[in-house]
Amino acid sequence: MAASALERRRAEELRQAIEYHNWRYYVLDAPEIPDAEYDRLLRELEALEARHPELQIADSPTRRVGAPPLAQFAQVAHGTPMLSLNNAFSDEEVAAFDRRVREGAGLAEIEYAVEPKFDGLAVGLTYEDGRFVQGATRGDGYTGEDVSANLLTVRAIPMRLASADAPRRLEVRGEVLMLKKDFEALNASQRARGEKEFVNPRNAAAGSLRQLDSRITASRRLTFFAYGIGAWEGTELPATHAAVLAKLAGWRLPVNPERRVVKGVAGLLAYYRDMGAARPALPFDIDGVVYKVNDLALQARLGFVSRAPRFAIAHKFPAQEEMTLVEGIEVQVGRTGALTPVARLKPVFVGGVTVTNATLHNQDEIDRKDVRIGDWVIVRRAGDVIPEVVSVVLSRRPRPAPPRFDILARHPVCPVCGSRVVREEGEAVARCTGGLYCPAQRKQALLHFASRRAMDIEGLGEKLIDQLVDLRLVRNPSDLYGLHQDTLAGLERMGPKSAANLLAAIEASKHTTLARFIFSLGIRNVGEATARDLANHFGSLDALMDAPIESMMNVPDVGPVVARSIADFFLEGHNRGVIAALRKAGVRWPENRLQAPAAGPLAGKTCVLTGTLAGLSREQAKARIEAAGGKVAGSVSKKTDFVVAGADPGSKLTKAQELGVTILDEAALLALLGEKT
Ligand code: 9MJ
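For the sequence shown, this note's numbering begins at 1 and goes up steadily by one.
Here it is, written out as structure tokens:
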């Protein structure tokens, strides 16, 4: 049955509302309605269209979910060629560009529209009478591919322009890209599904847009920024590039807010520096900035040289990715004995610095990227992050191929101390078993002990620790407190003054807090926050050192693995010896003596909770038990007094039954707590 006038009107209302909310959400990043409300609008329109297929018009937002796959993309000839820009890499090249423009224009100073250079995929979007009719890739600049179905899935691209004053025919040029966060999420999901990861957001955007099956494109989050026009017919063209962009923005096309209008070379270079500084924090990748003569009449007069405009130039940032050779793979030994593979690279200038090393993290990473000595690799350094190997350029792998790199096979023993190296099941890292016998681990342990958030010994850095350990002046942290002025003054880069300063810093470190002291011990899996929680919970070092594993698990975020690490650490006689020596040397902290065991109906009792209680959250139940003098433990053992079981209890209930532990339901717990139900 044909749709009634009312239904036709409602369908149109819904289309307009949905497109409006797409704009608020995907372009302005300022949604007006909750997602659930948006979904309701879309579902209502889908239902109407299902009942009345004649309402399924070409520019309905229900089409944004993708269409059945194409056999191939149709070719599209560009009415105006989609040319590329010439590049400038230095301030001098920018000054030369400006000089050419001034001479061509016969003007003393030029006004420029400046914008980020998006690192995505150039496309042209054609609108007729304000409706999206076609979208094409740049291709070779003259002929591209019709990717209309794919572009429709990009919610930031409007299906209709939001005004009646749009040109009869308009071709919008711009860049399709993937935001950094969407790229990270896509790769995480590719990884989880065992599929190939994308190298960077641009490749991910290109791979997503050039899908014959637009339903795949729809499943990827792409966005778009307009930066120009290829056609504008039927109404008068504005006088400047900035005014064109303002018009596009007014029709709800996404135009990047970082655009500006500036004057002269000084204005261009100031913008370049500002965007360079803003770059790491931008939500998308840019590889430079673009300068365009703002006056469109002047643009037309300046015209083109070969394949690029004379009126515009791209000023590129130093590349963040470069290709280089892996000359070797070495392993470094960290504080916990972890063997970290590091690629030694043929020096390469990337991200503004010369890079010679890149971390390979662990064996799993080496395997995943299949990095081998002799490979050419893409190295990336973005912002201040540590350089990393992005991928191997397989086409340049030497023949015959070098062998896979296997840390354990290469280093069955620690390269520093010769102890055995093991990789425990389920662990990503191989470790030296030498512990503090290993100078590398000892140095790292000392460095950690002295670090600002641990004992805070100012001036005790890597170079000094290297000397102290290599000369056997220091073997463990307590030796630091026995160092003499003359010994220190005789070391490289030290003199009487720095030796005295260091001794003062060592002396000052003796007054510390329990939390800092616990952290400084470098117990595996015990970071700053856990150290603080342990200090608060146990109140004294002796209480912690003698605590049974179950009671450690009463501390927030301490599970069986962390508790085991702590217990193992204090079981080691050597560690107890160092702690005793530190105390003897005068290291001290205020201790909160543990309060006398709490009184109350559950005094001294240990309870374990399992399942869901009807009237209490887990936190509330824990608080009530503790208020009654009891403790709540994470797992059931012979020492457990009660297991409190709610609905859908887990294996803890079975364990309690096996061990014969008393089991309470919620009512019994409340009765024990002295509360009536
Ligand atoms: C990019 N990639 O961001 C142009 N571009 O203008 C900007 N590219 C361009 N403009 C004319 N912002 C040809 C290419």
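Note that the Cβ used here is the ideal one computed from N, Cα and C, for glycine as well. Because the structure is a prediction, the values reported are computed rather than measured.
message: Counting C-beta neighbours from all protein chains within 10 Å, is the total for I386 16 or more, i.e. buried, or is it exposed?
response: exposed
- request: Provide the residue(s) that pair with M323 in DSSP beta bridges, ordered along the chain.
  value: Answer is I378.
- prompt: Which same chain residues, not among the five before or five after G482, have their C-beta less than 8 Å away from its C-beta?
  reply: The answer, listed in chain order, is A585.
query: When DSSP labels each residue in this structure, what does R279 get in the three-state scheme?
result: Of the three classes helix, strand and coil, the one that applies to R279 here is helix, per DSSP.
Residues of its chain near E93, where Cβ-Cβ distance is below 6 Å and the 5 sequence neighbours each way are ignored: The beta carbon of E93 lies closer than 6 Å to none in the same chain, with the five residues before and after it left out.
message: Using a Cβ-Cβ cutoff of less than 6 Å, which residues in the same chain neighbour L446 once the five nearest sequence positions on both sides are dropped?
response: I465
- request: Specify the secondary structure class of G434 as computed by DSSP and reduced to three states.
  value: coil
- prompt: DSSP state of G630, grouped into three classes?
  reply: coil
message: Spatial neighbours of D146 within its chain, please: C-beta separation below 6 Å, excluding the five flanking residues on both sides.
response: F73, A74, V76, A136
message: Measuring only from the beta carbon, is F118 closer than 7 Å to any heavy atom that is part of the ligand 9MJ?
response: yes
query: Does the Cβ-Cβ distance between A242 and V261 come in under 8 Å?
result: yes
Those residues which DSSP pairs with F224 across a bridge: V176
query: Along the chain, where does the alpha helix (DSSP H) that runs through S714 open and close?
result: The question about residue 714 has no answer here: the residues shown for the chain are numbered 1 through 677.
- request: Name, in chain order, the residues that DSSP records as bridge partners for A358.
  value: Note: A358 sits in a beta bridge opposite A343.
- prompt: For A603, which of helix, strand or coil comes out of DSSP?
  reply: DSSP places A603 in coil when its eight states are reduced to three.
task: On the DSSP bridge assignment, give the partners of R160 in chain order.
output: R131
- prompt: With a CB to CB cut of under 8 Å and the five nearest residues on each side skipped, what residues in its chain are close to A614?
  reply: Exclusion of the five residues before and after A614 leaves G646, A647, E666 as the residues of its chain whose Cβ lies within less than 8 Å of its Cβ.
- prompt: Tell me which same chain residues have a C-beta within less than 8 Å of the C-beta of G527, skipping the five on either side of it?
  reply: Excluding residues up to 5 positions away in sequence, F519 lie with their Cβ nearer than 8 Å to the Cβ of G527 in the same chain.
message: Which residue wins for smallest C-alpha separation from E322, given the options T640, S651, G352?
response: G352
- prompt: Opposite R420 in the DSSP bridges: which residues?
  reply: V413
query: How big is the Cα-Cα spacing for Y142 and P81?
result: 5 Å
task: Please classify D146: does DSSP put it in a helix, a strand, or coil?
output: strand
query: In the DSSP assignment, what are the bridge partners of H511?
result: Bridge partners of H511: R588.
task: Could you tell me which uninterrupted beta strand (DSSP E) segments, each at least 3 residues in length, are contained entirely in the region 239-274, listed from first to last along the chain?
output: Taking only runs of at least 3 residues, the beta strand (DSSP E) segments lying wholly in the region 239-274 are 260-263.
- request: For D533, collect the residues of the same chain with a Cβ closer than 8 Å to its Cβ; drop the 5 residues on either side in sequence, then sort them by chain order.
  value: Excluding sequence positions up to five before and after D533, its CB lies within less than 8 Å of the CB of V555, P556, D557, V558, all in the same chain and listed in chain order.
Backbone secondary structure at F89 - three-state DSSP: coil
query: In or out: P254 buried (at least 16 other Cβ within 10 Å) or exposed?
result: buried
query: How about the region 168-183 and the region 219-232: do they share at least three Cβ pairs that are nearer than 8 Å?
result: yes
query: Comparing the CB of Y291 with every heavy atom of the ligand 9MJ, is any distance shorter than 7 Å?
result: no
query: Do you know how far the Cα of N501 is from the Cα of Y25?
result: 58 Å
message: Let's test the definition: count the other Cβ atoms within 10 Å of the Cβ of E115 and tell me whether it reaches 16, buried, or not, exposed.
response: buried
- request: Give a yes or no on whether the C-beta atoms belonging to P158 and E46 are separated by under 8 Å.
  value: no
query: Is L83 near the ligand 9MJ, going by C-beta to nearest heavy atom under 7 Å?
result: yes
Spatial distance of F11 from R40 (CA atoms): Position check: residue 11 holds Ala in this sequence, whereas Phe was assumed. If you take the alpha carbons of A11 and R40, they lie about 13 Å apart.
- prompt: Are the beta-carbon atoms belonging to R423 and L408 less than 8 Å from one another?
  reply: yes
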